[in-house]
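Note that this note's numbering has the sequence shown beginning at 23, numbered continuously upward. This report refers to the structure that appears directly beneath it.
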Amino acid sequence: MVERPTLCNFLLSMISQDYTIITKHYYIYITYIFFVYAIYHGNIREVMWVSEWRTVSVRQELIEEIEKIVKSGLYRSVSEFVAEAIRLRLEELMRARGIPAERRKEVLAKIQEQLLYTPKHVWAQITPGGTIRIGLTDYAAKHLRGIAHVMTEPVGKEIKKMEPIGVVETWMFMFDIHAPVTGRIVKVNETLKTEPYLINEDPYGEGWILEIKPKNSLLLEEELKDLLTAREYGKWISKIEGRLKE
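Structural data, given as structure tokens:
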């Protein structure tokens with residue numbers, strides 16, 4: 023039987039309150055968490071699951087998919103992987119259950135800490151599929167009030183780091199979107215064509231802009247080193263605000 027660390031207790035408490043895992047990816051995330059701890063305790067045959075404490079076997083297909091994720095090197099640590107799982111789940115719960123604004127801000131602050139940033143106010147996130155999802159930061163969204171239109175390069179377009187790949191338009195301004203990494207655009211948030219205001223309302227969630235498939239893992243590793251952490255981006259914003267006040 024697997025000992026349940028604090029993190030697992032937290033996840034189980036979420037699930038036990040009728041928060042069901044509704045997609046394969048969520049199931050993989052949570053299974054992976056238990057899988058790692060099961061290996062640590064020398065037992066990967068069975069794990070404890072959900073509030074009824076039913077015992078379930080980790081299916082072979084999930085194990086294989088989990089192993090691919092681990093071996094691909096998409097995450098720098100287990101904690102980063104777990105943080106991603108929690109972030110995705112909390113985003114869905116907030117949308118579905120109408121979390122109060124103050125609580126939502128508190129949770130989003132934690133989400134922002136898991137992202138990387140560019141000085142051009144673009145956030146970047148490694149997805150489970152290995153692509154880089156990007157969007158505008160909350161700082162940019164607040165200063166681009168009333169976003170009316172979003173244009174991006176098409177799917178399939180080869181792009182280079184820091185080159186313009188799209189434009190966000192308000193009634194008064196146009197703001198260029200710069201690529202945080204080199205690669206190829208593989209997905210665009212089509213919802214923004216009819217609901218561009220989502221960038222203002224939910225820049226880190228439904229307001230994401232597009233996804234990029236990195237050119238190669240070695241180049242990606244080097245380019246990610248150049249991006250800013252949440253703390254570094256915060257300092258950059260403070261520096262900008264200081265200049266504006268001068």
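From the three backbone atoms N, C-alpha and C, an ideal C-beta is built for every residue, glycine too. Keep in mind it's a predicted model, so treat the numbers as computed, not measured.
One Cα belongs to isoleucine 181, the other to isoleucine 207, and the distance between them is close to 7 Å. With a 10 Å radius around the Cβ and a threshold of 16 neighbouring Cβ atoms, alanine 163 comes out buried.
Non-local beta-carbon contacts of proline 225 in its own chain, meaning distances under 6 Å to residues more than five positions away in sequence, involve Gly157, Leu158, Asp160 and Ala163 in chain order. Taking 9 Å as the cut-off, the Cβ atoms of tryptophan 258 and leucine 249 do not count as close.
CA-to-CA, the gap between lysine 261 and glycine 178 works out to about 36 Å. In the DSSP annotation of this structure, histidine 165 is not part of any beta strand (DSSP E); the continuous alpha helix (DSSP H) holding it starts and ends at 160-165. A straight-line Cα-Cα distance of about 11 Å links lysine 247 and threonine 140. The alpha-carbon of isoleucine 154 is positioned some 12 Å away from that of serine 239. DSSP lists His200 as the beta-bridge partner residues of proline 186.
In the DSSP assignment, isoleucine 234 falls outside any alpha helix (DSSP H) and within the unbroken beta strand (DSSP E) covering 232-236. Taking all protein chains in view, the Cβ of glutamate 254 is surrounded by fewer than 16 other Cβ atoms within 10 Å, so the residue is classified as exposed.
By the neighbour-count criterion, in which a residue is buried when 16 or more other Cβ atoms sit within 10 angstroms of its Cβ, glycine 168 is exposed. Here proline 176 is exposed, its C-beta having fewer than 16 other C-beta atoms within 10 Å.
In the three-state reduction of the DSSP assignment, alanine 170 falls in the coil class, being assigned neither a helical nor a strand state. When C-alpha distances from methionine 184 are compared across Asp198, Glu191, His171 and Thr192, the shortest belongs to Asp198. Here the C-alpha atom of glutamate 263 lies approximately 11 Å from the C-alpha atom of glycine 256. For the pair methionine 173 and proline 186, the Cα-to-Cα distance works out to about 11 Å.
With 16 or more neighbouring CB atoms inside 10 Å of its own CB, histidine 143 falls in the buried class. In summary, glutamate 243 is exposed, with fewer than 16 beta-carbon neighbours lying within 10 Å of its beta-carbon over all protein chains present. Cβ neighbours of glutamate 223 within its own chain (closer than 7 Å, five residues either side excluded): Gly229. Put simply, the backbone Cα of isoleucine 231 is about 19 Å away from that of lysine 237. A straight line joining the alpha-carbon of glycine 205 with that of leucine 137 spans about 19 Å. Around the Cβ of alanine 146, a 10 Å sphere holds 16 or more other Cβ atoms; the residue is buried. Annotation for threonine 192: Leu166, Arg167, Gly168, Ile169 and Ala170 place their beta carbon closer than 7 Å to its own, counting only its chain and skipping 5 residues before and after.
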